[in-house]
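Visitor: Mapping of the sequence shown onto our numbering: residues 52 to 376, in sequence order.
Think of the CB as a built atom: it goes at the ideal place given N, C-alpha and C, for glycine as much as any other residue.
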Amino acid sequence: MIGTFVVLIMIFLGALCAGRLLLSWSDMWQALTHPIWLAKVPTTAMTVIWQLRLPRILGACLIGFGLSLSGGAYQSIFQNPLVSPDLLGVTTGASVGAAVAILAHGNIIAIEICAFVAGIITVSLTMMVPALLKSSNNLTLVLAGIVVGGFMTAILGLLKYLADPESQLQDIVYWQLGSLAKVNYQTLLATLPVFVIAGGILLALRFRLNVLSLSPTEALATGVNLKFERMIVILCATLLTAAAVAIAGTIGWVGLIIPHIAKLLTQQNNQRALPLMGILGALFLLLIDTLARTLSPGEIPLGILTGLIGTPFFIGILFKQRGRL
52 MIGTFVVLIM IFLGALCAGR LLLSWSDMWQ ALTHPIWLAK VPTTAMTVIW QLRLPRILGA
112 CLIGFGLSLS GGAYQSIFQN PLVSPDLLGV TTGASVGAAV AILAHGNIIA IEICAFVAGI
172 ITVSLTMMVP ALLKSSNNLT LVLAGIVVGG FMTAILGLLK YLADPESQLQ DIVYWQLGSL
232 AKVNYQTLLA TLPVFVIAGG ILLALRFRLN VLSLSPTEAL ATGVNLKFER MIVILCATLL
292 TAAAVAIAGT IGWVGLIIPH IAKLLTQQNN QRALPLMGIL GALFLLLIDT LARTLSPGEI
352 PLGILTGLIG TPFFIGILFK QRGRL
């Protein structure tokens, strides 16, 4: 885990140099440490580092951290390796909430609150379908997420139809594709408490996740308040997803890919896997964002790149799980 964190730091510094304007390590380091040493640094380097790249790199790390933790928490709570914030419909639902806030001319706090409320409604609807069908099959929950997510996508389409094409529609489309181009320090500061508190609670409960994934009868024997603690985990995971959507819109697959990799490296042990998920998620999305802003003259939406990686990964998981579906 320490080695992974060191790699994250190195990629973080490398991402500050990378871009259409390539900076040397010397210029990057002088600009980054300027508030400490007050060294003479070219104005261009200072602007690029502090105003353009640092906010979005920090945003990529926060979002990768949050989506990975939420995905791992959902998979543990639902005892289902196929679920993630986007496959449960939470990401799309949170995007609907964000779109409602945009239509109401809300600020970042309003967007975050609306995204969270819509995300909670969505995950509740998704959980309700298997309960009504009295099915514990893994595939039922996934199909329920797809159905509810499709319904939320239809609502999102209606909101886009009603939006002002000159201003609001552009913001909603931006949210739907997923991008860190508009991230600034105000956005990060507004959402940072959510990542710290919700992420901290999930990390603190990582020792309990193995117990929380037991059946009600088994959990009762351990003295755990199963319903209460599961609800806390679901709320925290949904909060993290909503905060991620509030910053950068819909970014799929991160919450599915990274938990699997982390659990593979830690032999399914949540105590070790959850912190590793956070680091790997930050590293993964940081790499994706760096590619998005360097591969072409225009910026590639993050959702496209994560989808290109996540789709074949999901097919691989389906093949691995085909005997248990």
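Does the beta-carbon of ARG344 have 16 or more other beta-carbons within 10 angstroms, so that it is buried, or is it exposed?
Guide: Result: buried.
Visitor: Let me check understanding here. Comparing Cα to Cα, which of LEU359, ARG323 and LEU307 lies closest to ASN131?
Guide: The candidate whose alpha carbon is nearest that of ASN131 is LEU307.
Visitor: To the nearest angstrom, report how far apart GLY229 and ALA272 are at their CA atoms.
Guide: Going from the Cα of GLY229 to the Cα of ALA272 covers about 44 Å.
Visitor: What does a CB cutoff of less than 8 Å around LEU243 pick up in its chain, not counting 5 residues either side in sequence?
Guide: So the list reads LEU113, once near-sequence residues are dropped.
Visitor: For the stretch 78-88 against the stretch 60-68, do three or more pairs of beta-carbon atoms, one drawn from each stretch, fall closer than 8 Å, so that the two count as touching?
Guide: At 8 Å Cβ cutoff, the stretches touch.
Visitor: Which ranges would you report for the alpha helix (DSSP H) in the stretch 99-155 if only whole runs of at least 4 residues count?
Guide: Listed in chain order, the complete alpha helix (DSSP H) runs (minimum 4 residues) inside the stretch 99-155 are 105-128 and 141-154.
Visitor: Quick check on the DSSP output: what are the complete alpha helix (DSSP H) runs of length 4 or more inside the stretch 310-361, in order along the chain?
Guide: Segments of the alpha helix (DSSP H) lying fully in the stretch 310-361: 321-345.
Visitor: Quick check on the DSSP output: the alpha helix (DSSP H) that includes ILE298 runs from which residue to which?
Guide: Segment 277-299, the alpha helix (DSSP H) holding ILE298.
Visitor: Quick one: grab the DSSP three-state call for MET178.
Guide: Note: MET178 maps to helix in three-state DSSP.
Visitor: In whole angstroms, what separates the C-alpha of ALA149 from that of SER187?
Guide: In a straight line, the C-alpha of ALA149 is about 32 Å away from that of SER187.
Visitor: Any idea if ARG71 is buried or exposed, counting beta-carbon neighbours within 10 angstroms, 16 or more meaning buried?
Guide: So ARG71 counts as exposed.
Visitor: By the three-class DSSP mapping on this structure, what secondary structure does PRO86 have?
Guide: PRO86 falls in the helix class under three-state DSSP.
Visitor: Where does MET282 land, buried or exposed, given buried means 16+ other C-beta within 10 angstroms?
Guide: MET282 is exposed by the Cβ-count criterion.
Visitor: Between SER127 and ASN321, how many whole angstroms is the CB-CB distance? I'm expecting something under 8 Å.
Guide: Between ASN321 and SER127 the Cβ distance is about 6 Å, and since that is below 8 Å, they are a contact.
Visitor: Mapping DSSP to helix, strand and coil, what is ALA205?
Guide: Reduced to three states, the DSSP call for ALA205 is helix.
Visitor: By Cβ distance below 6 Å, which residues in the same chain neighbour ALA249 in space, the five residues on each side in sequence not counted?
Guide: Here the set comprises CYS287, LEU290 and LEU291.
Visitor: If you scan the stretch 195-269 from start to end, which runs of the alpha helix (DSSP H) of 4 or more residues do you find wholly inside it?
Guide: The qualifying runs are 219-228, 236-255 and 257-263.
Visitor: To the nearest angstrom, how far is it from the Cα of VAL284 to the Cα of THR341?
Guide: If you take the alpha carbons of VAL284 and THR341, they lie about 31 Å apart.
Visitor: How big is the Cα-Cα spacing for ASP222 and ASN276?
Guide: Between ASP222 and ASN276, the C-alpha separation is close to 42 Å.
Visitor: Ends of the alpha helix (DSSP H) at GLY65?
Guide: First-last of the alpha helix (DSSP H) with GLY65: 53-68.
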